[in-house]
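First to last, the sequence lines map onto chains L and X. Just so it is clear: in the first sequence, position 215 is 239 by the working numbering, and no numbers are missing. Just so it is clear: in the second sequence, position 119 is 230 by the working numbering, and no numbers are missing. Where is the CB? At the ideal position from N, CA and C, for every residue including glycine. Notes follow once the structure below has been shown.
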Amino acid sequence: MKVYAIAVNTFKEVIRDKIFYSLVFFALLILGMSVIMSALTVGERAKIIEDLSLAGISIFGIIISIFVGIGLVSKELEKKTIYTIISKPIQRYEFLLGKYLGLALVLLAYISVMTLVFLVVLLLSTGVLGVGLLPAVLLIYVELLVVTAAALLFSTFSTPTLSATYTLALYIIGHLTSDLKGLAAKAGAESAKAVLEFLYYALPNLENFNIKGKVVHDVPVGAAYMFMAAGYGAFYVCALLLLAALIFQKRNFK
Amino acid sequence: MAYIHWVHGEDMIRTENLCKVFVSGFLMRKVPALTGLSMEVRKGEVFGFLGPNGAGKTTTLKILMGLIYPSSGKAWIMGRELGDVDVKRGVGFLPEHPYFYDYLTANEFLDFYGRLFGLGRADRRSRSAELLRQVGLERSGDVQLRKFSKGMLQRIGIAQALINDPELVVLDEPMSGLDPIGRKEVRDIIIGLKDKGKTVFFSTHILPDVEVICDRVAILVKGELRATGTVAELLGGMGAKAVEMTVEGLGEAETGVLSGLAANVMVRGRQTVLFFDDLDKAGQAKRLVCRGEGEIVSLIPHSPSLEDLFLKEVRKGEGA
C-alpha cells in the first residue's frame with residue numbers, strides 16, 4: 025500500500041513533467057522518420073522501418089531511464105520533500121522501491137504506447153503485421169529496468185551529474201562486455217587480467233537483451249532464451265536495488 | 112486514527128545525551144551540531160524549542176524524525192527508541208521551509224499522505240476535507256500546489272502533518288516567513304491541538320508567540336541546552352523587576368537626588384523619565400517625589416521578557 029502510494033505519486037510526477045513529453049515527441053518523430061527513410065532507401069521497406077523504430081524506442085527509453093532515474097531520489101533530497109516522507113511510518117527501502125516501481129510503470133506506459141504506434145505505422149505503410157517483433161520490445165523493457173535500477177543506485181550516493189555519467193558509462197560498457205573478455209585474454213599482466221575479468225563478470229551484459237537484429241531478420245528466438253534473459257535482468261535489478269537500499273539506509277538527510 | 116498510543120507515565124519525547132557531529136568537506140572537518148542534549152517533552156504540553164539560527168534545533172528534530180542518525184546518545188518517542196518506524200503512526204511532522212510535490216493538487220497531496228498511513232479511501236476523503244477546512248483552504252482543494260502562496264503552502268504543510276490525527280505534533284519553525292495573520296492562524300491551530308489533548312513540540316525564534324502558547328520551553332545555543340522549564344520559572348531566575356517612573360514639576364535638588372537613585376534618566380520637556388532596576392530604590396524615589404512639589408505621571412513595572420532571557424543566554428557563550 026505504501027510502496028504503491030509512492031509509485032503512483034512518482035508516476036504522476038513524471039507524467040506531469042514537460043521533459044517527459046518532449047522525449048516521447050522525439051521518439052515518435054523517429055518512428056515517422058523511419059517511414060520516410062524507408063521510402064528513400066533501396067531494400068525491404070518493412071525491415072528498415074522495423075530497424076529504425078526499435079532502435080528509436082530503445083534509445084529514447086534509455087534516455088528516460090537515465091535522466092529521470094537519476095532525479096528520482098536527488099530531486100526529493102534537493103526539494104526536501106523526502107523529509108515529509110521519511111517522517112511517516114515508512115521504511116526507507118519502501119520509499120526507494122516505490123520510486124523505482126513508479127518509473128518502471130512510466131516506462132511500461134511509454135513502451136506500450138510506442139510499440140502500438142510503431143505497429144500501426146508498420147501495418148499502414150507496408151501491410152506487415154509485426155507481432156513477431158514483440159519479444160525484442162519485451163527485452164528492451166527488461167534492459168530499461170536494469171538501467172533504471174543502476175541510475176537509482178548511483179543517485180543514492182552521488183550528485184545528479186555524476187550519477188548520469190556513471191549510468192551512461194555502465195550502459196556503454198554493458199554493451200561492450202564481450203570486448204572486456206577479449207581484452208582480458210590479451211592482457212599481459214596478471215593483475216590487469218584479473219581486473220578485466222572481474223568487470224566482465226560483475227557488470228551486466230546488456231547485449232543479452234538485444235535481439236532486435238534477430239527478430240527483424242526472422243531468426244528464431246526460443247522461449248528458453250527469453251526466460252534466461254528476463255531472469256538475468258531480474259537478478260541485476262534485485263542486486264542493484266538491494267545495494268541502493270543498503271546505501272540509502274545509512275544516509276543522513278542534511 | 113492514531114494507532115500508536117502513549118504509554119502511561121512515559122514522556123512523549125525523551126532524549127539522553129544526544130550528540131551529532133557532522134563531517135564536512137574534503138578534509139573531513141568535524142562540526143559538532145549537538146552536544147549532550149538531554150530533555151523531555153511531557154504528554155499534553157506545548158513545548159517551545161528556542162534558539163538562534165544554527166543552534167541545532169533542526170538537527171534535533173531531524174534526529175527525532177529519523178532523517179539523520181545521532182552520533183551518540185539515545186532518544187525515545189512515546190516510550191519507543193528511535194528507529195522504530197511504527198511509532199511514526201502517532202506522529203505528525205512539518206519540516207522547516209517545506210517544499211512539496213507541486214504537481215499535485217491539495218486534495219491529491221493529502222490523499223497521498225493518507226495512503227502512507229494506510230488510511231482507507233473514505234477515511235482519506237473525510238480527513239482531507241476536514242483538514243482543508245481547518246487550515247482555511249477548503250476552496251483550493253483542486254488547485255495544484257505550484258499555484259499556492261507561501262502562507263498557503265505552510266498551511267497545507269500543517270494539514271499534511273495532521274492527516275493521521277497524531278498524538279505528537281512536531282513543527283520546525285512553523286511561523287517563519289508568515290505575516291502576522293498567518294502567525295496567528297498557526298498559533299490558533301497549536302492551541303486547538305492542545306485543547307484536544309495533543310502534545311506539540313515546535314522550534315522557533317519568534318519569541319512573543321512562545322510566551323503566549325507554550326507550557327514549557329527549552330533554550331538551545333550552539334548545540335547545548337542552556338535552560339529548560341516553564342516561562343515563569345525561567346524568568347523568575349532573571350532577578351528583580353525594573354520600574355519606569357515619569358514625573359513632572361521636579362525641583363533642581365530633587366532631580367539631583369533622584370538621578371542618584373535611578374539607573375537611567377531621560378528629560379522630555381517638563382517631564383523626567385527615570386528607570387530603576389530595583390524595587391526598593393523605586394519606592395524611595397516615589398516617597399521623595401510625594402513629599403516635594405513634583406507629581407508622578409506614571410509608574411510602569413517592567414518584568415523581564417523571554418527575549419531578555421534569550422539574549423542573555425545567547426550572549427553568555429559569546430562572552431566566554
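List the residues of chain L whose Cβ lies closer than 7 Å to the Cβ of residue i, in chain order.
i: Gln245 (chain X); result: Simply none; closest approach about 18 Å.
i: Val132 (chain X); result: Those within 7 Å of Val132 (chain X) in chain L number zero; the least Cβ separation is about 11 Å.
i: Pro206 (chain X); result: Lys104, Tyr107, Thr108
What residues from chain L crowd round residue i, counting only those whose CB sits closer than 9 Å?
i: Pro209 (chain X); result: Lys104, Thr105, Tyr107, Thr108
i: Arg200 (chain X); result: Lys112, Pro113
i: Gln271 (chain X); result: Thr108
Kindly list the residues whose CB is nearer than 8 Å to the CB of residue i, restricted to its own chain and excluding five residues on each side of it in sequence; keep chain order.
i: Tyr224 (chain L); result: Thr201, Leu204, Lys205, Ala208
i: Gly362 (chain X); result: Gly403, Glu404, Gly405
i: Leu318 (chain X); result: Leu161, Ser416, Leu417, Glu418, Phe421
i: Ala113 (chain X); result: At Ala113 (chain X) the pLDDT is 45, less than 50, meaning the model places this residue with poor confidence; the figure from the coordinates comes in the next sentence. Arg200, Gly201, Asn275, Asp276, Pro277, Glu278, listed in sequence order.
i: Phe220 (chain X); result: Phe211, Tyr212, Leu256, Ile267, Gln271
i: Arg381 (chain X); result: Glu359, Gly360
i: Leu193 (chain X); result: Ile174, Leu175, Gly177, Pro181, Lys185, Ala186, Trp187
i: Lys427 (chain X); result: Val332, Arg337
i: Arg69 (chain L); result: Ser62, Ala63, Ser149, Thr150
On the criterion of 16 or more Cβ atoms from any shown chain inside 10 Å, does residue i qualify as buried, or is it exposed?
i: Asn229 (chain L); result: buried
i: Pro291 (chain X); result: exposed
i: Asp391 (chain X); result: exposed
i: Leu215 (chain X); result: buried
i: Leu140 (chain L); result: exposed
i: Ser409 (chain X); result: exposed
i: Val323 (chain X); result: exposed
i: Pro113 (chain L); result: buried
i: Met25 (chain L); result: exposed
i: Leu270 (chain L); result: exposed
i: Cys325 (chain X); result: buried
i: Glu231 (chain L); result: exposed
i: Met189 (chain X); result: buried
i: Phe137 (chain X); result: exposed
i: Tyr212 (chain X); result: buried
i: Arg100 (chain X); result: Nothing about residue 100 (chain X) can be reported from this structure: the residues present for chain X run from 112 to 431 only.
i: Ser187 (chain L); result: buried
i: Thr185 (chain L); result: exposed
i: Tyr28 (chain L); result: exposed
Given that residue i touches chain L, what residues does it touch there, using C-beta distances under 8 Å?
i: Leu215 (chain X); result: Asn33, Lys36
i: Asp276 (chain X); result: The contacting residues do not exist; Asp276 (chain X) stays about 14 Å from chain L at best.
i: Val196 (chain X); result: Pro113, Ile114, Gln115
For residue i, which residues of its own chain have a beta-carbon under 7 Å away from its beta-carbon, when the five flanking residues on both sides are left out?
i: Ala374 (chain X); result: Phe386, Phe387, Asp388
i: Gly384 (chain X); result: Just to set this straight, residue 384 (chain X) is Val in the shown sequence, not Gly. These residues qualify, in order along the chain: Glu355, Thr357, Met377.
i: Gly154 (chain L); result: Glu74, Leu143, Leu146
i: Ala174 (chain L); result: Thr191, Leu194, Leu264
i: Leu304 (chain X); result: Val280, Val311
i: Ile87 (chain L); result: Leu47
i: Met138 (chain L); result: Ala51, Ile81
i: His199 (chain L); result: Leu230, Glu231
Along chain X, in chain order, which residues have C-beta atoms closer than 8 Å to that of residue i?
i: Lys26 (chain L); result: Arg226, Leu227, Gly229
i: Phe277 (chain L); result: Lys173, Leu178, Ile179
i: Ala29 (chain L); result: Phe223, Arg226, Leu227
Leaving out the 5 sequence neighbours to the left and right, which residues in its chain are closer than 6 Å to residue i when beta-carbon positions are compared?
i: Phe272 (chain L); result: Arg116, Leu120, Thr180
i: Lys160 (chain X); result: The sequence shown places Phe at residue 160 (chain X), not Lys. Only Lys168, Ser314, Ala329 meet the Cβ criterion.
i: Val297 (chain X); result: Pro285, Met286
i: Leu345 (chain X); result: Ala338, Leu420
i: Ser370 (chain X); result: Val376
i: Arg235 (chain X); result: Asp222, Gly225
i: Leu64 (chain L); result: none
i: Met57 (chain L); result: none
Just the chain X side, please: which residues come within less than 7 Å of residue i by C-beta, in chain order?
i: Ala40 (chain L); result: Here residue 40 (chain L) turns out to be Arg, not Ala, going by the sequence shown. Near Arg40 (chain L) (Cβ distances below 7 Å), the residues of chain X are Tyr214.
For residue i, would you say it is in contact with chain B, using Cβ-to-Cβ distances shorter than 8 Å as the test?
i: Pro415 (chain X); result: The chain inventory of the structure shown lacks chain B, comprising the protein chains L and X.
*When Cβ atoms are compared, which residues of the segment 167 to 190 of chain X fall closer than 8 Å to chain L?*
Taking 8 Å as the Cβ-Cβ cut-off, the segment 167 to 190 of chain X approaches chain L at Lys173, Met176, Gly177, Leu178, Ile179, Tyr180, given in chain order.
_For the segment 222 to 233 of chain X, list every residue whose C-beta sits within 8 Å of some C-beta in chain L, in sequence order._
If the cut-off is 8 Å between Cβ atoms, the segment 222 to 233 of chain X has Phe223, Tyr224, Arg226, Leu227, Phe228, Gly229 near chain L.
*List in chain order: all unbroken beta strand (DSSP E) runs of 3+ residues lying wholly within the segment 366 to 401 of chain X.*
The qualifying runs are 375 to 379, 382 to 387.
_Residues of the segment 178 to 190 of chain L in Cβ contact with chain X at a cutoff of 8 Å, in chain order, please._
Hits within the stretch: zero.
_Which runs of the beta strand (DSSP E) at least 3 residues long sit entirely within the segment 270 to 342 of chain X? Give them in chain order._
The segment 270 to 342 of chain X is shown to contain whole beta strand (DSSP E) runs of 3 or more residues at 279 to 283, 310 to 315, 327 to 332, 335 to 340, in chain order.
*Can you list, in chain order, the residues of the segment 111 to 139 of chain L whose Cβ is nearer than 8 Å to any Cβ on chain X?*
Those residues of the segment 111 to 139 of chain L placed with their C-beta closer than 8 Å to a C-beta in chain X are Ser111, Lys112, Pro113, Ile114, Gln115, ordered along the chain.
_Near-chain L residues of the segment 241 to 267 of chain X - C-beta to any C-beta below 8 Å_ = Against chain L - using a Cβ distance shorter than 8 Å - the segment 241 to 267 of chain X contributes no residues.
*Note down, in chain order, all residues in the segment 302 to 316 of chain X with a beta-carbon under 8 Å from any beta-carbon belonging to chain L.*
Of all residues in the segment 302 to 316 of chain X, none is placed with a Cβ closer than 8 Å to any Cβ belonging to chain L.
_What are the residues in the segment 238 to 263 of chain L lying within 7 Å of chain X by C-beta distance?_
Near chain X, meaning a CB-to-CB distance below 7 Å, no residue of the segment 238 to 263 of chain L qualifies.
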